[in-house]
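Asker:
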Amino acid sequence: MRTTNYDLENPFNFPPIQLDRLHWFSKESLGDIPVVDMQKLNSKEELTAFINEVLEKKIFCIENHGIEEYLIEELLNVHRAFFSLSEEEKAKFVPPDMKIDVAGYKGFKKGSVAKVSGTGESFDQLMQYVFSVHNTDVTYPNETFGRVCKLYTEKVTALIRLLLEKLFDALQLIPSDFTYTKEVQEFFLEKGFTRNMTLLYPAVEQDEDARERMTSHYDTSLITILYQIPTLGKFSEDPYIGFELEEEGERIPIPPVRGTFLVNFGELIHHLTNGVVEANYHGVRIPTEEELPESERMTIVSFYFPDPQTKLKLSKIKGSISYNAIQNGDLKEGQEVTLEVLRKAMFKKYFTY
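Mapping to the working numbering: the sequence shown position 206 is 208, numbers consecutive.
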């Protein structure tokens with residue numbers, strides 16, 4: 003596996019993968035990170051146990067979620083084939099503008115969560131393809147690519163809506179200010195949507211000024227689910243784990259476990275529940291020199307948002323993008339705004355809307 007710097011004259015090559023041949027971690031390797039069975043969220047007792055567990059940890063995995071592994075594998079492989087094309091070919095799918103909701107390809111080290119979050123200037127050590135955006139026409143590289151992306155989007159959106167429905171039901175069973183109203187049902191579930199993308203972190207030398215492969219941040223979604231695969235290459239007794247949860251100064255690595263999705267709480271659910279459900283802070287660790295040759299990492303990420311006209315009352319999430327907008331005077335703590343207004347204020351320095 004190549005470990006030299008990437009250049010346009012020497013494009014990457016990402017061969018197809020088979021999920022059943024990867025070196026997966028066991029559920030036990032997650033430690034006290036909850037693994038929630040989506041088929042066991044029905045009784046009052048199950049929902050109460052679920053909500054108490056996930057509120058404490060701020061992050062969890064789900065299993066028995068109903069998304070077939072063959073579809074996940076096919077989605078990963080159509081993107082791996084695309085990422086292996088020359089930059090000239092991939093450039094045909096780069097979005098023509100910097101709108102916040104846009105689909106297409108973003109090249110290696112062309113994005114910066116650090117800049118958007120206001121935490122630095124480093125670039126993300128990855129390439130990405132946004133393959134589904136609300137109310138946006140998407141041009142796909144080929145028919146198979148489009149078919150797989152559309153089917154995955156349909157299934158993952160239904161999964162997240164079901165998960166949120168269970169979460170909202172469970173919140174009614176504990177003391178909180180959150181009320182599961184008809185408006186919540188309409189704007190957060192019936193009219194909600196996903197923004198889906200694949201991220202691929204190649205096993206190449208990292209920028210000297212990069213402290214992380216992706217800077218630690220809060221997601222700006224309601225919730226986010228991720229499908230992680232293990233790093234590729236030979237088996238190691240101590241393999242590289244990229245995703246890390248940051249909690250009270252401690253960084254907790256969360257390995258990929260076969261058959262599970264990882265679930266993050268984003269800023270919007272923090273606002274919706276007035277902090278009863280807390281957004282989590284997470285990033286992707288830089289591999290050491292020894293880990294680098296076997297550090298290729300790939301994820302499918304699905305961000306879920308309510309309808310753009312949804313109203314939210316802002317709470318303070320220190321270090322978040324919405325907090326930066328409050329600090330800059332564009333928004334006020336406790337202010338009730340639509341999601342559309344909130345996102346314009348959060349991203350006005352970097353995107354058009």
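Cβ coordinates follow ideal geometry from the N, Cα and C atoms, glycine included. The structure displayed is predicted, hence computed values, not measured ones.
1. Identify which residue in Ile328, Asn54, Tyr283 and Asn15 has its Cα closest to the Cα of Lys168.
2. Within the continuous alpha helix (DSSP H) that includes Lys168, where are the two ends?
3. Which residue spans inside the region 284-320 form an unbroken beta strand (DSSP E) run of at least 3?
4. Can you tell me whether Gln208 is buried or exposed? The criterion is at least 16 other CB atoms within 10 Å of its CB, across all chains shown.
5. What is the DSSP secondary structure of Tyr325, counted as helix, strand or coil?
6. Pick out the complete alpha helix (DSSP H) segments inside the region 45-107, 4 residues or longer, and give them in chain order.
7. Out of Gly261, Leu201, Tyr242 and Pro18, state which residue places its alpha-carbon closest to the alpha-carbon of Tyr107.
8. Quick check: what's the CA-CA separation for Phe110 versus Leu294?
9. Would the beta-carbon of Leu77 fall within 8 Å of that of Val186?
10. Quick one: residues in its chain with C-beta nearer than 8 Å to the C-beta of Met3, no 5 flanking neighbours on either side, listed in chain order?
11. On a Cα-Cα basis, can you pick out the residue from Ile64, Pro289 and His272 that is closest to Phe307?
12. In this structure, how does DSSP classify Gln396 when only helix, strand and coil are distinguished?
13. Do Val104 and Val135 count as a contact pair if the criterion is CB distance below 8 Å?
14. For Ile61, collect the residues of the same chain with a Cβ closer than 8 Å to its Cβ; drop the 5 residues on either side in sequence, then sort them by chain order.
15. Tell me whether Val1 is buried or exposed, calling it buried when 16 or more other Cβ atoms sit within 10 Å of its Cβ.
16. Quick check: the region 44-58 against the region 171-179, are at least 3 beta-carbon pairs closer than 8 Å?
17. Contact check, Leu21 vs Val259 under 8 Å by CB: the rounded distance?
18. With a threshold of 16 other CB atoms inside 10 Å of the CB of Glu292, please say whether the residue is buried or exposed.
19. Going by other Cβ atoms of all chains shown within 10 Å of its Cβ, with 16 needed for buried, is Leu10 buried or exposed?
20. Run through DSSP, which three-state label would Met216 get?
21. Which residues mark the beginning and the end of the beta strand (DSSP E) in which Leu264 is found?
22. Please list the terminal residues of the continuous beta strand (DSSP E) segment that includes Leu224.
Answerer: In short:
1. Asn54
2. Glu145 to Leu173
3. 299-307 and 313-315
4. buried
5. helix
6. 46-59, 71-85 and 89-92
7. Leu201
8. 17 Å
9. no
10. Because Met3 carries a pLDDT of 34, less than 50, the predicted location of this residue cannot be relied on, and the following value inherits that uncertainty. These residues qualify, in order along the chain: Ala205, Leu234, Gly235, Pro295, Glu296 and Glu298.
11. His272
12. A query on residue 396 cannot be resolved here, the shown segment of the chain reaching from 3 to 355 and no further.
13. yes
14. Ile35, Leu247, Ile256, Leu264, Val265, Asn266, Phe267, Asn282 and His284
15. Not covered by the structure: residue 1. The range shown for the chain is 3 to 355.
16. yes
17. That pair is no contact at about 12 Å.
18. exposed
19. The predicted model places Leu10 with a pLDDT of 46, which falls under 50 and marks its position as unreliable; any figure quoted below should be read in that light. Leu10 is exposed by the Cβ-count criterion.
20. strand
21. Phe263 to Phe267
22. Here Leu224 belongs to no beta strand (DSSP E), and DSSP marks it neither H nor E.
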